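K.L.:
Protein chains in written order, with the numbering used here: chain B, 10 to 585; chain E, -14 to 355.
Note that CB positions come from ideal geometry on N, CA and C, so glycine has one too.
None of these values were measured; they are calculated from a predicted model.
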Amino acid sequence: MQTRRIWILSIGLLAAGSVSLSILLLRNGDSSLDPTKPLGKDKSDRANLGAPKPPPMFADFIGQSQIRFTYRNGEEANHYSILESLGGGVAILDYNEDGNQDVMLAGGGGFGDGQTIHGLPNALFRNLGDGSFEEITEFAGLAQPLFYSHGLAAADFDNDGWSDLLVTGYGRVALYLNLGDGTFREVTIDAGLTDTGWSTSAAWGDLNQDGNLDLYIAHYVNWSFQNHPQCFSEGRPDVCSPRKFGPTKDSVYFNQGDGSFADATVHAGLVLENAKGLGVILLDVDGDRKLDIYVANDTTDNHLYRNQGAGRFEEVGRIFGVALDNDGVPNGSMGIDVSDVNNDGWPDILVTNFARESQALYRNQSGRGFVHVSQLAGLMAVGRSFVSFGVGFLDFDRDGAEDIFIANGHVVHHPTDSTVKQRPLLFRSNGQGRFLPVSASDAGSYFESTHLARGAAVGDLDNDGLIDICISHTNDSCAVLRNNSAHAGHYLKVILRGKSSARTPVGAVATLEVAGKRLVRFQKGGGSYLSQHESSLFFGLGETDRVERLVVQWPSLRETALLNLPIDRPLVVTEE
Amino acid sequence: MPLATKKSVRLLVCLLLVIVGIGGWCAYLQTKSRTRKSLVERARACILRNEFDQAINFLNQVGHDGETGFEAVLLSGECLVRSGQLQEAVAVLSYAVERRPDCADGYRWLAACYYDLGAATQAVACLLRVTDLDQSDARPYRLLGKIYRDFKRIDDAIEALESASRITRIDQNTQAEILLELAQGYVEKGLFDEARGALVKCDWISPKSSAWHTLQAECSYADHEVETATRQVRQALRIGPNHQAALQLLARISLENDEPNEAVEIASRAVQLRPDDHKSRHVLSRAYRQLGMETDAEREEERAQRTRQLFDRLTELSKSAMDAPTDARVRLELAKVWIELGRDDMAATWLRASLACDPNLSEARDLLRP
C-alpha cells in the first residue's frame, strides 16, 4: 500500500513537473518580436541555465536620482499635428565642471487658443555626486520657456572652460552661454543665431578647422497651421506622414571666435532641397582629419557632406553608400551614432529607422565608402516593427566592444504596422561586428515594458565607470537607468581637452592599445536623436588591468601618446 | 340508377379528374425541373470546355428561382469572371450574395473578381467574409496573404498565412507552398526564427525548391553563418539558375563580404533577367563603386532610382485603383507603368482589368494586342 502511494505521488510530481517545464519552455520559446513584448531568452542564456542568474543589467534609477520630468507635446488639443510627433531630447553634460555628469531635458510645448504654439520649460538637474540630482533650472536661468522645444546640444563653443547649451525647436533656437557660476545667459540673437525654421537635432564641431566649434542645425519639414492637412489612420484622425510636407534646408553657422556666428550654409554648399533632417553627427569618415557631416533624413536620402577644406562641403551620400538602405530605398531615419564595430579603426555608422525598415548599420570600407550590413550584423533579427529614435553605442559590460541601446515608440496614434508604445532594444556586441539582442529579463524591467520614447543619452551618472542611460518619453516621465552590470571588466574613461583644437575636440580619435588589441573611440559632435551623450570616451578593458598606450589624434593634427596609464578612473588628456 | 349511386359515380369521376390533374401537374413540374437541372448540367459541361458564352446561354434559360435558379446565378457569375467580363460578374455575384449572405462560393468568386479588377479593398472584404463562412478553406487566407504583401502589410499577411497553414484538409503540396509563403513573410518582417520554423515544417518536400533553399540562406545569413548561407543560396541556384530571390541574395552576400567582382557578376545576371529588379541594380551599383567603376555605378544607380520611382508610382496608382473599382483610366495607367518596367505580363493583367471597366477604351485594347 505504502509503495503504491509513493508511486502515485512520484508519477503525480513527474506529471506536474513536466507540465510546468513545458509551460516554461513554451514561454521562453515564444520569441515573438512584437515591440510590446520583451524578447525571450537568447542563446547564451539557454547555455547557462544552471548558473545563478545575475541581477538585471539596468535598474530604474529614477527614484534615487530624483530626476522627475515629463516632456509634453500638447496632444490634448487634438490638432494631430506632426509637431507633436518628434518628442524631446536629453543632454548629459558636466555644466559646472565638478566631475559629475548633470542632466538636461527638453520640455516641449503645447497649443493655445487660435492655434497658437507655446513652449514649456526645459529642466536642468545638477548631479550631487551621491547618486541624487537636484533641479536647478530656475537658478541656472533656464526656466523661461521660449518656444516649443525638441533638441539639446552641449559644447564649450567659446572655449572658456564651461559647457554651453543649444536648444532647438519650432520657430527658433536658443543659445545659452554658461557663465561659470552655475548660471546661463541666453545669447541667441547677440550670437547671430537667427534660425527661424523648425529645428531638430544639432551638432557642434570645428567644420572649418579654425579651432572654434561651429554649429550644424538640422531642420525638418515645412509644417505650420497654414499647412496643416487632415490625415487619417484606420479611419480616425491622426498625425500626417512627413511625405505630406515639403523639406526645409538645414543650416550651418561658423563660429567667428568672438562669441558670434555667421550663417555659412550657402558658403559651405549645404543647399540641398530634399532633406527632412532629424539626426546629425559630425565625424571624419574618410580619414582626412577633417570633420564630415552625416544627416539622418526622414523618408528622403540621408546626406553625407564630405569636408573639402576651407569650410566647403560636397554631398556624397549615394557615392559613399550611406544615403539608402540595402534595397536602395531611402528610410525614415531618425537617430545616429558612430562606433568602430568591427575593430578596423574606421568609424561605422548606425542609423535608427521607421517601422517596416531595419536599423541601418553602414560598415566603413577604410574610408572609401560604406556597405549596409544590418542583416549580417544581426540587427535585423529583432523584426521590423520598431519605430526607433534615440541611439547610443555604449560598452555596458566593459568588455571592450561597444554595445547598442535604442529607444522606440511610434509617431501616430493608430498605427497599422506596430504598436504606439514600444519596448527598447539592447544589443550586445561580440567585438567583431556582430550583435545579439539581450533578453528583456536580463536587461532589466525597463526593457520589459513599453514606452513612447524619443531622445536618449548615455553617460556615467554615478561615477562608477559603468555607462547609464537617460531617456525622454513623450507625455510620460523620463527614465534614468543605472547600469548594474555584474562582473563588468576594468575601464578607462578619457576626457579630452583641446588647446590648439577646440576645448571640446570634436573629431579627435583616441586609440588604446591593450592586451594586443587596439580599441578606437571617436570624439563625436551630435549623435543620437535630439540628444547629447556624455562627451567622455569610455574604454572597456575586460579582465586586462594594464593599458599599454593611448594615442590621441587631435583635430589640430597634433598627436599625444601616453604610456602605462592608470585604470578604473577618469583620465583627463590635454592637448599639448 | 338510384340517385345515390349516380352521385357516387360523379364524385368518383371528379376525384379521378383531380388525381389525374394533380398527377399531370406534378409530371409537368418534374419535367420542367429536369429540364432546368439538365440546363445547369449542360452549362457545367460548357464551363469545363471553357465555353463560357454557351454556358451563360444555358444558364439564362434556367431562371433565378429556387435552388437550381440560385445555382445558375452562381455559375453565371463564375462564367463572367472566367471570361473576363468582370463588371457584369460583380453585378451577378453581388446579387447572389445578397440573396444568400451565407454563400461562401459567391463571396469567393466575387473576391476573385475584385482582385482581377485591382479593387483590393473590396476583395479583402469578400475574402474575410469567406473565412467567416468556411474555415476549412485555405485559399482565401492565401489570397489575403498575397494582397496584404502587395500592399506591404506584412503583419496582416503573416496572420492570414498562419491561418492558412493551420488548415490541414488540403493536399501536401499546397500546404508546403503556404508554408513557404509564410516563411517569406517572416523573413520580410525580420522574424528569422519563425521563418526557420515554417521551413522545418515543410522540409519533407523532395526535391527542395529554390525558394526553400533561398529562405534557409536568408535565415543563416541573419545568424551570421555566411558560409552556410552562401552554400544554401548556391544550392538554390543549382536547382533554379534564374531564381530571382536567390540571385538577389547571393549578390548582396557577395557585396557585404567584400567580393565586389562576384557581386557584379550575380547582380548583372539578376537585372538581365528582371530589368525591374531595382534591389539587384542597387547592389550592382554599389559593387561597381567598390571596384572604382564610377561611371557604371552612376548609370546603374540612376536606373535603380528610376525603377524605384516607377514602383512608387505603381503604389500610388494601385491605391487609386482600390478606391475606384470601375475606373478604367487608372488601370490603363498602371498597365503603362508596368510596360515601362518591362513587365508585359503584369501590364496585360491591368489592361484586361481596364477593358473590363470600359470595353470601349481603345488605347487599352490597342496595347493589349500582341
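For B/GLY318, list the residues DSSP reports as bridge partners.
P.N.:
For this step, residue 318 of chain B is matched to residue 309 along the first sequence. DSSP output for B/GLY318 lists B/ARG321 as bridge partner(s).
K.L.:
Which residues bound the beta strand (DSSP E) around B/GLU144?
P.N.:
As a working mapping, residue 144 of chain B is identified with position 135 in the first sequence. Here the beta strand (DSSP E) through B/GLU144 covers 142 to 144.
K.L.:
Taking 9 angstroms as the CB-CB cut-off, is B/GLN2 touching chain E?
P.N.:
Absent from the structure is residue 2 of chain B, since the part of chain B shown begins at 10 and ends at 585.
K.L.:
Can you name the residues of chain B whose CB is closer than 7 angstroms to the CB of E/HIS209?
P.N.:
Counting from 1 along the second sequence, the entry for residue 209 of chain E is found at position 224. Those are LEU385, GLY387 and ARG443, listed as they occur along chain B.
K.L.:
Going by the CB atoms, is the gap between E/LEU336 and E/LEU295 shorter than 9 angstroms?
P.N.:
The residue labelled residue 295 of chain E in the question sits at position 310 within the second sequence. The residue labelled residue 336 of chain E in the question sits at position 351 within the second sequence. No; because the gap between Cβ atoms is not below 9 angstroms, this pair is not in contact.
K.L.:
Count the CB pairs spanning the region 442 to 450 of chain B and the region 558 to 566 of chain B that are closer than 8 angstroms, and state whether there are at least three.
P.N.:
Contact between the region 442 to 450 of chain B and the region 558 to 566 of chain B is absent, because fewer than three Cβ pairs lie under 8 angstroms.
K.L.:
Does the Cβ-Cβ distance between B/ALA462 and B/PRO424 come in under 9 angstroms?
P.N.:
Walking along the first sequence from the start, residue 462 of chain B turns up at place 453. Walking along the first sequence from the start, residue 424 of chain B turns up at place 415. No, Cβ-Cβ distance for B/ALA462 and B/PRO424 is not below 9 angstroms.
K.L.:
Is it buried or exposed for B/PHE193, if we count other Cβ within 10 angstroms and need 16 for buried?
P.N.:
Position 184 of the first sequence, counted from the first residue, corresponds to residue 193 of chain B. Per the 10 Å Cβ criterion, buried.
K.L.:
Could you tell me if B/ALA319 is buried or exposed, where buried requires 16 or more neighbouring beta carbons within 10 angstroms of its beta carbon?
P.N.:
The residue you call residue 319 of chain B lines up with position 310 of the first sequence. Looking at its Cβ environment, which holds fewer than 16 other Cβ atoms inside 10 Å, B/ALA319 is exposed.
K.L.:
Could you tell me whether the region 91 to 104 of chain E touches the region 120 to 132 of chain E, using the rule of 3 or more Cβ pairs below 8 angstroms?
P.N.:
Yes, the region 91 to 104 of chain E touches the region 120 to 132 of chain E.
K.L.:
Under the rule that 16 or more other beta-carbon atoms within 10 Å means buried, what is B/SER19, buried or exposed?
P.N.:
Start at 1 with the first residue of the first sequence, and residue 19 of chain B comes out as number 10. With a pLDDT of only 46 at B/SER19, under the threshold of 50, the placement of this residue in the model should not be trusted; the figure read from the coordinates follows. Answer is exposed; the Cβ neighbour count stays below 16.
K.L.:
Of all Cβ atoms in chain E, is any one closer than 9 angstroms to the Cβ of B/SER394?
P.N.:
Residue 394 of chain B sits at position 385 when you count from the first residue of the first sequence. Chain E, which has a Cβ nearer than 9 angstroms to the Cβ of B/SER394, makes this yes.
K.L.:
Mind listing the chain B neighbours of E/GLU83? Cutoff is C-beta to C-beta under 7 angstroms, in chain order.
P.N.:
As a working mapping, residue 83 of chain E is identified with position 98 in the second sequence. Within chain B, no residue comes near E/GLU83; the closest Cβ sits about 25 angstroms away, beyond 7 angstroms.
K.L.:
State yes or no: is the C-beta of B/ALA466 within less than 9 angstroms of the C-beta of B/ALA212?
P.N.:
Within the first sequence, residue 466 of chain B is the residue found at index 457, counting from 1. Within the first sequence, residue 212 of chain B is the residue found at index 203, counting from 1. Result no, Cβ atoms of B/ALA466 and B/ALA212 do not sit closer than 9 angstroms.
K.L.:
Whole angstroms is fine: what's the gap from E/TYR206's alpha carbon to B/MET66's?
P.N.:
By one-based count along the second sequence, residue 206 of chain E stands at place 221. By one-based count along the first sequence, residue 66 of chain B stands at place 57. Their backbone Cα atoms lie some 29 angstroms apart in a straight line.
K.L.:
Whose C-beta lies closer than 6 angstroms to the C-beta of E/GLY48 among residues of the same chain, with five residues either side of it excluded?
P.N.:
Residue numbering aside, residue 48 of chain E sits at position 63 when the second sequence is read from its first letter. Excluding sequence neighbours, E/GLY48 sits near GLY54.
K.L.:
Taking 9 angstroms as the CB-CB limit, is B/ARG567 close to chain E?
P.N.:
Here residue 567 of chain B refers to the residue found at position 558 when the first sequence is read from its first residue. Judged by the 9 angstroms Cβ criterion, B/ARG567 is not in contact with chain E.
K.L.:
Who are the neighbours of B/LEU359 on chain E, taking C-beta pairs under 7 angstroms?
P.N.:
For the purposes of this step, residue 359 of chain B is identified with residue 350 of the first sequence, where counting begins at 1. Residues of chain E passing the Cβ test: none, with the nearest at roughly 16 angstroms.
K.L.:
Let me know if B/GLY418 comes out buried or exposed under the rule of 16 or more other beta-carbons within 10 Å of its beta-carbon.
P.N.:
The residue given as residue 418 of chain B occupies position 409 in the first sequence. B/GLY418 comes out buried.
K.L.:
Excluding five sequence neighbours on each side, which residues of the same chain lie with their C-beta closer than 7 angstroms to the C-beta of B/GLY214?
P.N.:
Reading the first sequence from its first residue, position 205 is the one you call residue 214 of chain B. LEU222, ASP223, LEU291, LEU300, VAL515, GLY516 and GLY534, listed in sequence order.
K.L.:
Answer with yes or no whether the minimum CB distance from E/VAL268 to chain B is below 9 angstroms.
P.N.:
Here residue 268 of chain E is taken as the residue at index 283 of the second sequence, counted from 1. It does; some Cβ of chain B falls within 9 angstroms.
K.L.:
For B/HIS482, which residues of its own chain have a beta-carbon under 6 angstroms away from its beta-carbon, when the five flanking residues on both sides are left out?
P.N.:
On the first sequence, residue 482 of chain B is found 473 positions in, with the first residue counted as 1. Answer for B/HIS482: HIS460, LEU461 and ALA462, listed in chain order.
K.L.:
Assuming B/ILE504 contacts B/SER537 under a Cβ cut-off of 8 angstroms, what Cβ separation, rounded to an integer in Å, is found between them?
P.N.:
Mapped onto the first sequence, residue 504 of chain B falls at position 495. Mapped onto the first sequence, residue 537 of chain B falls at position 528. Not confirmed; about 19 angstroms, so no contact.
K.L.:
In the DSSP output, which residue or residues are listed as bridge partners for B/GLU195?
P.N.:
As a working note, residue 195 of chain B is residue 186 in the first sequence. Answer is B/TYR185.
K.L.:
Kindly say whether B/THR309, judged by its beta-carbon, lies nearer than 9 angstroms to any beta-carbon of chain E.
P.N.:
For the purposes of this step, residue 309 of chain B is taken as the residue at position 300 of the first sequence. No, B/THR309 lies away from the interface with chain E (no Cβ there is under 9 angstroms from its Cβ).
K.L.:
Suppose the cutoff is 6 angstroms on Cβ atoms and the five residues either side in sequence are ignored; what does the same chain contact list for B/SER31 look like?
P.N.:
On the first sequence, residue 31 of chain B is found 22 positions in, with the first residue counted as 1. Note that B/SER31 scores a pLDDT of 39, beneath 50, so its modelled location is shaky and nothing firm can be said.
K.L.:
Just how far apart, CA to CA, sit B/ASP267 and B/ASP169?
P.N.:
Within the first sequence, the letter at position 258 stands for residue 267 of chain B. Within the first sequence, the letter at position 160 stands for residue 169 of chain B. C-alpha separation (whole angstroms): 12 angstroms.
K.L.:
Three or more C-beta pairs under 8 angstroms: does that hold for the region 316 to 335 of chain E against the region 58 to 68 of chain E?
P.N.:
Result no; under three Cβ-Cβ pairs closer than 8 angstroms.
K.L.:
Judging by CA-CA distance, which residue of B/PHE531, B/ALA152, B/ALA164 and B/PHE70 is the nearest neighbour of B/LYS502?
P.N.:
The residue given as residue 502 of chain B occupies position 493 in the first sequence. When each option's Cα is compared against that of B/LYS502, the closest is B/PHE531.
K.L.:
Does the beta carbon of E/GLN294 sit closer than 9 angstroms to a beta carbon anywhere in chain B?
P.N.:
On the second sequence, position 309 is the one that residue 294 of chain E refers to. Cβ-Cβ to chain B under 9 angstroms: no for E/GLN294.
K.L.:
Terminal residues of the continuous beta strand (DSSP E) containing B/THR520?
P.N.:
Counted from its first residue, the first sequence places residue 520 of chain B at position 511. Its beta strand (DSSP E) spans residues 518 to 523.
K.L.:
Considering only residues of the same chain and omitting the five flanking positions on each side of B/ASP577, which have a CB-CB separation below 8 angstroms?
P.N.:
Your numbering for residue 577 of chain B matches position 568 in the first sequence. Cβ neighbours of B/ASP577 beyond the five flanking positions: GLY474, HIS499, TYR500 and LEU501.
K.L.:
Check whether chain B comes within 9 angstroms of E/GLN290, counting only Cβ atoms and requiring the distance to be less than that.
P.N.:
Taking the first residue of the second sequence as position 1, residue 290 of chain E is located at position 305. Yes, E/GLN290 counts as interfacial toward chain B.
K.L.:
Applying the criterion that 16 or more other CB atoms from any shown protein chain within 10 Å of the CB defines a buried residue, is B/TRP171 buried or exposed?
P.N.:
Counting from 1 along the first sequence, the entry for residue 171 of chain B is found at position 162. Buried, because 16 or more other Cβ atoms sit within 10 Å of the Cβ of B/TRP171.
K.L.:
Does DSSP classify B/GLY536 as helix, strand or coil?
P.N.:
Stepping through the first sequence from its first residue, residue 536 of chain B is reached at position 527. In this structure, B/GLY536 counts as coil in the three-state DSSP scheme.
K.L.:
Terminal residues of the continuous alpha helix (DSSP H) containing E/TRP323?
P.N.:
Taking the second sequence and counting its residues from 1, one reaches residue 323 of chain E at position 338. Note, E/TRP323: alpha helix (DSSP H), 313 to 325.
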